[in-house]
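Going line by line, the protein sequences match chains P and F.
For the first sequence, the numbering used here begins at 305 and goes up steadily by one.
For the second sequence, the numbering used here begins at 305 and goes up steadily by one.
Here is the structure we will look at.
2 protein chains.
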Amino acid sequence: MYSSELIKGTLKTIILKLLSENDKMYGYEITQKVKELTGGKIQLTEGALYPTLHALEANGILTTNAVNVGNRIRKYYTITPTGKSLAEEKVTEFQDFMNTMIFLLDLKLKTV
Amino acid sequence: MYSSELIKGTLKTIILKLLSENDKMYGYEITQKVKELTGGKIQLTEGALYPTLHALEANGILTTNAVNVGNRIRKYYTITPTGKSLAEEKVTEFQDFMNTMIFLLDLKLKTV
DNA sequence: AATAATACATAAGAAAATTAGGTATATAAA
DNA sequence: TTTATATACCTAATTTTCTTATGTATTATT
C-alpha cells in the first residue's frame with residue numbers, strides 16, 4: 305500500500321476513468337477492480353468511496369440505478385456526458401502533473 | 305495551476321528532494337524554486353509550507369540555522385542523514401505510484 | 001509615497017480521508 | 001452448525017491537512 309497522503313486527490317480521477325470504460329459499476333465492484341488492477345497497492349476505503357460517489361451523483365456527474373441481487377441491494381453508477389468530459393480533463397491534468405513531477409524530482413523516462 | 309487536491313500529499317516529497325540536492329535552503333527560497341522549476345504550475349503556499357517545515361524539524365528530518373540578512377531573519381533548513389534516506393524512500397514511492405497510476409489510467413508512459 | 005517583493009509566522013475555517021461503527025445477506029470453512 | 005469471510009450498502013466522529021486570512025517587518029521598485 306502507498307502512504308495515504310500520496311493517494312489523496314486521485315480518488316475522483318480513478319472513479320471517473322473506470323466509469324468511462326465500463327457502462328456501469330457499483331461501489332464494491334470499484335474497490336475490487338482497483339485492488340485487482342493495482343495488485344493491492346491501492347485499496348479504496350468505503351468511508352472515502354461512498355461519500356465521493358454521492359457527491360458526484362449530486363453534481364450530475366454520475367447517475368444511479370438500484371438493483372436487487374437476491375435479497376441484497378446493489379447500486380449501479382453510470383457516468384453522464386458531463387462526467388465523461390470531466391474524466392478526460394482529470395486524466396489529462398494528472399498526466400500533465402506527472403510530467404511536472406518527473407521533471408521536478410529529476411526522474412528518468414521511458415516510452416513504451 | 306493544478307487543482308489543489310492533486311498536489312496534496314506531494315509537498316513533503318518535493319521539500320525533501322530539493323533539500324537532498326541543495327546544502328541548505330530557506331522557506332521562501334523553496335517556494336520560488338518550485339514555482340520556477342514548474343513554470344508556475346505548482347505554487348507552495350506559506351500556510352502549508354511553514355507548518356510542514358516545522359514538523360519535519362521536530363521529527364529530526366531537518367535542522368535549522370537562523371541567519372541575519374541585513375535586518376531580516378532567514379531560516380536555513382538542512383537535511384539530516386535520516387532525512388536523506390526518507391527522501392529517497394519518498395521519491396521511490398512516488399515513482400512506483402506513478403507507474404501504478406499510468407497502468408490504471410491506461411497511459412502511455414513509464415518511469416525507470 | 002506607495003506598492004511589490006522578501007521573509008518569517010500562526011490561527012480559524014474548510015475539505016477530505018481515516019477509523020470505527022452499523023445493518024444485512026450469502027457463502028465457505030471448521 | 002456455528003463461525004468467519006465475503007458481499008454490499010451507509011454514516012458519524014475524529015484526525016489530518018490545506019486554504020484563507022492575518023500579522024509583523026525589512027528592502028526594493030515605481
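C-beta: ideal position from N, C-alpha, C; glycine also.
Counterpart residues of F/THR368 in DSSP-defined beta bridges
Its beta-bridge partners are F/TYR381.
Short CB-CB distance (under 9 Å) between P/MET405 and chain F:
Output row for P/MET405: interface = yes.
First and last residue of the uninterrupted alpha helix (DSSP H) at F/ILE334
In the DSSP annotation of this structure, the continuous segment of the alpha helix (DSSP H) that includes F/ILE334 starts and ends at 331 to 341.
Out of curiosity, what's the CA-to-CA distance linking F/TYR354 and P/THR404?
When only Cα atoms are considered, F/TYR354 and P/THR404 end up about 23 Å apart.
Opposite P/VAL373 in the DSSP bridges: which residues?
Residue pairing of P/VAL373 in beta bridges, as defined by DSSP: P/ARG376.
Under 7 Å between beta-carbons, which chain P residues line up against F/MET402? List them in chain order, please.
Near F/MET402 (Cβ distances below 7 Å), the residues of chain P are MET402.
Exposed or buried, F/PHE401, counting other C-beta atoms within 10 Å across all chains shown (16 or more means buried)?
The residue is buried, with at least 16 neighbouring Cβ atoms inside 10 Å.
With 9 Å as the C-beta to C-beta threshold (strictly closer), list the residues of the stretch 325 to 347 of chain P near chain F in chain order.
For the stretch 325 to 347 of chain P, which is checked against every Cβ of chain F, the residues closer than 9 Å are GLU325, VAL338, LEU341, THR342, GLY343, LYS345 and ILE346.
Given that F/LEU310 touches chain P, what residues does it touch there, using C-beta distances under 7 Å?
Residues of chain P passing the Cβ test: GLY313, GLU397, PHE398 and PHE401.
Cα-Cα, which of P/GLN347, P/ILE406, P/PRO385 and P/LEU408 is closest to P/LEU360?
Ranked by Cα distance from P/LEU360, the first of P/GLN347, P/ILE406, P/PRO385 and P/LEU408 is P/PRO385.
Taking 6 Å as the limit between beta carbons, can you name the residues of its chain near F/LYS379, skipping five residues before and five after?
Take F/LYS379, set aside five residues on each side of it, and the residues of its chain with a beta-carbon closer than 6 Å to its own are TYR330, THR368 and ALA370, in chain order.
Residue burial classification, P/TYR381 (beta-carbon count within 10 angstroms, cutoff 16):
The residue is buried, with at least 16 neighbouring Cβ atoms inside 10 Å.
Just verifying my parser: in three-state terms, what is the DSSP assignment at F/THR386?
If DSSP states are grouped into helix, strand and coil, F/THR386 belongs with the helices.
With DSSP collapsed to three states, give me the class of F/THR356.
Three-state result, F/THR356: helix.
Chain-ordered chain P contacts of F/LYS321 [CB-CB under 8 Å]
Result: LEU408, LEU409 and ASP410.
Close Cβ partners of F/GLU350 (< 8 Å) along its chain, the five nearest in sequence each way excluded
Result list for F/GLU350: GLY331 and THR335, in chain order.
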